[in-house]
Each structure stands twice: as structure tokens, then as C-alpha cells.
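As C-alpha cells, the structure follows; a few thoughts come after it.
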Amino acid sequence: MEESERNCASDVSREASGVSEHMLHDVVSGVTRVEEPNDPARGGRGRVGARSADKVRGSAVRSADEVRAQRERGRKRQNARRLALLVSFLLFPVIIFYFSPALIIEGALEGAVAASMLVFCLQFLLAIVLRRAWCGWLCPAGGLQELEATAVGKPAKLGWRARVKYVIWVPWVCSIVACAWIAGGFTTVDPLYGIPGGVSMNSPLGLPIYFGIVALFFVPNLFLGCRAMCHCICWMAPFMVLGEKLGSALRVPQLRIEADPNGCIGCGKCDRACPMSLPVQDLLAGGAVADAECIQCAACADVCPKGVLRLRMGRMR
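For reference, each letter of the sequence shown is one residue, going 1 to 317 in the UniProt record's numbering.
Structure follows, in C-alpha cells:
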């Protein structure tokens, strides 16, 4: 009698163990599975439970490994991006006039295509495919602002101020066209126009211009937030926004942050990581971060714990 009771208790214990292991598998994998019948030929429910437990442990280990690998890849990518921005900023004294909004007007008055016009046209063409990746990976002013953001870290809330750059850009482009018309059109291409020797800061007289531009991109961010000047006054951004819009209209494959909205757990890490202070968590509901202010830096993708976001080349669905 006692032996029968012990056998019965053992069976109950094995059954409970199998059920608990099935439940654990369901929780970890997120998939509801149908319990296998008690098939003596296959070793009974206890053996099935043991196999399930092994799968649970293997799945958990693989998941942890994948998360660690993803974080490591993201850390390396962001370190490479920040290094590229830092190098670009350190070169700013040498190359600042290649982005000058003033030299392009002076050159137009003399019928000369200055270096900055060539650079802006190149940015427009690259943006057809790469969108605003220049801003996220190579822009000297962007490098300055991200260095500042490590100390300030205040998200930008700009509202109408984000449209100021277009109010500045339209009359500026019109003035370039007017100056070229007065000069009888562009008659020569001179990449070194206004840049003797090809080096921007080749004289102490240029230092006030350099520090003035640095202050313009640095000081307002202290009050308006991270990369606020990218949103508000950057005269290069509209060229890239137009290129991006053209590429999208032509259905050209573009570099973009794509998303799987169903996998989002609403942790908000992507919002906090975005250097442009975009509401990434809201934008990903459409399957991609399609905002014109997205700079393809992949900071959001590299902190996503579920791998919902990813930087890839493709067409908008």
C-alpha cells in the first residue's frame, strides 16, 4: 500500500514537473504550444518535459547571446560614427570655407562656381540615396553639436523653429540665382575661389569667422537642446531634404531606419538615444522612421533591446 502511494506521488511529481516546464517554455518563447499526449512509446510526459526544459535553456542562452552581440555591434558602429564626426570637426578650420554660404554668392557675382556650390550639389545628389546620412556621419558642425550633447544632453523641443531654416534658405538661394544672372551666368568653375592654397584658415584674419560659426552652432543649443541648430538654421539641410524627397518620389532604394512595429515593447530607449530628439517610438508605427529630420545615424537601432529597428537600404513600403 505504501509503495503504491509512493509510485502515485512520483507520477504526480513528474506530471507537475512536465507541466511547469511546458509553462516555462511558453513564457520564454512567447508561443503557446499544445501539450503532447502521454505516449509511453516516446518515454512519457516526463521525458517530453525534460526535452522542453533543454529547449528553454538553449533558447534563453541564444537570446542572451544575440542581445549581447547586437549591443556590441551597436557600440562599435556608434564609436565609429562619433570618431568620424570628431575627425570632421577637427578638420573644420581647414575645410570650413568649402561649406560657406557667403563665398557661393561672391563667386556667383563673378560668374564663378565656388567650392561650396559643388559641395551642396553633391550633398543633394547623395541624399537621393543616402538621405541625410551626411549629417549623422560626416558633418563638422554635427560633430561639434554631438560633443556638446554629451555634456548638455537636453532634448530639443523646437516646434515652429524647425522651419526657420527654410525661411533662411529660400531667399538665400534666390540671391545666388540673382547674382549669377547679374554676372551673365556661370562661366567658370573654381573650387579654390576665396580659399588660397585650399586651406580655409590660412590667415589670422579668418579666425573671427571660424569662431563665429562655431558659436552659432554651439551657444543656442545650450538653451534649445541637442542639435537644435541642425533643425533651425543649417543651410545645407534643405538640399539634402530635397534630394531625399526626390529619391522617394522616384522610388529609389534609400538608406533608412526600418522597423517592425509589432515587436516594440514601448521602452522609450530609441527616443532617448536619438540625437535629433525625434519621437522614434511614434514614428516606427509606420514601418520606418520616415521623418525628414532623421540623419540615419542608427543610434535608435543600436539601443533597441528587441532589434525592432535596423539601418538598411530599401524602398519605402
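Virtual Cβ for every residue (Gly too), placed ideally from N, Cα, C.
Predicted model only: the values in this text are computed from it and were never measured.
| Check | Outcome |
| --- | --- |
| First and last residue of the uninterrupted alpha helix (DSSP H) at L141 | In the sequence as presented, Leu is not what sits at residue 141; that position holds Ala. Counting along the chain, the alpha helix (DSSP H) containing A141 begins and ends at P140 to V152. |
| Best match in D260, L246 and A228 for proximity to W160 [C-alpha to C-alpha] | A228 |
| I182 - DSSP class collapsed to helix/strand/coil | helix |
| Beta-carbon proximity check, I295 vs G153, cutoff 8 Å | no |
| Distance, A299 Cα to R75 Cα | 9 Å |
| Reduced DSSP secondary structure (H/G/I, E/B, other) of M313 | strand |
| Per-residue burial, V308 [other beta carbons within 10 Å of its own, 16 or more giving buried] | buried |
| Length of the line joining the Cα atoms of A64 and R81 | 26 Å |
| Alpha-carbon to alpha-carbon, M236 and G247 | 17 Å |
| Secondary structure of Q296, DSSP reduced to three states | coil |
| Contacts around P93, its chain only, beta-carbon distance under 7 Å, and the 5 residues preceding and following it disregarded | S200, M201 and Y210 |
| Rounded straight-line distance, which links the Cα of V164 to that of G107 | 25 Å |
| Sufficient close CB pairs (3 or more, under 8 Å) joining the region 176 to 184 to the region 249 to 267 | no |
| Sheet register partners of E110 (DSSP bridge) | BP columns for E110 are empty, so no partner. |
| Span of the alpha helix (DSSP H) around I209 | L207 to F218 |
| Contact belief for H231 with A156 at Cβ below 8 Å, rounded distance in angstroms | 6 Å |
| Assumed close pair V289, V280 - CB separation to whole angstroms, cut-off 8 Å | 6 Å |
| Range of the contiguous alpha helix (DSSP H) that encloses R73 | G44 to L90 |
| Three-state class that DSSP yields for V94 in the structure shown | helix |
| Test: K154 CB closer than 8 Å to a CB of chain D | The chain inventory of the structure shown lacks chain D, comprising one protein chain alone. |
| Cβ shell of W169 (< 7 Å), same chain only, five flanking positions each side left out | W235 and P238 |
| G111 beta carbon less than 8 Å from that of T187 | yes |
| Given 8 Å, three or more beta-carbon pairs between the region 259 to 270 and the region 139 to 154 | no |
| P140 vs I95 beta-carbon contact at 8 Å | yes |
| C-alpha gap between L85 and V177, whole angstroms | 32 Å |
| For L158 and D282, the rounded distance between their alpha carbons | 17 Å |
| Three-state secondary structure (DSSP) of A102 | coil |
| Outcome for R315 when other beta-carbon atoms lying within 10 angstroms are tallied against a minimum of 16 | exposed |
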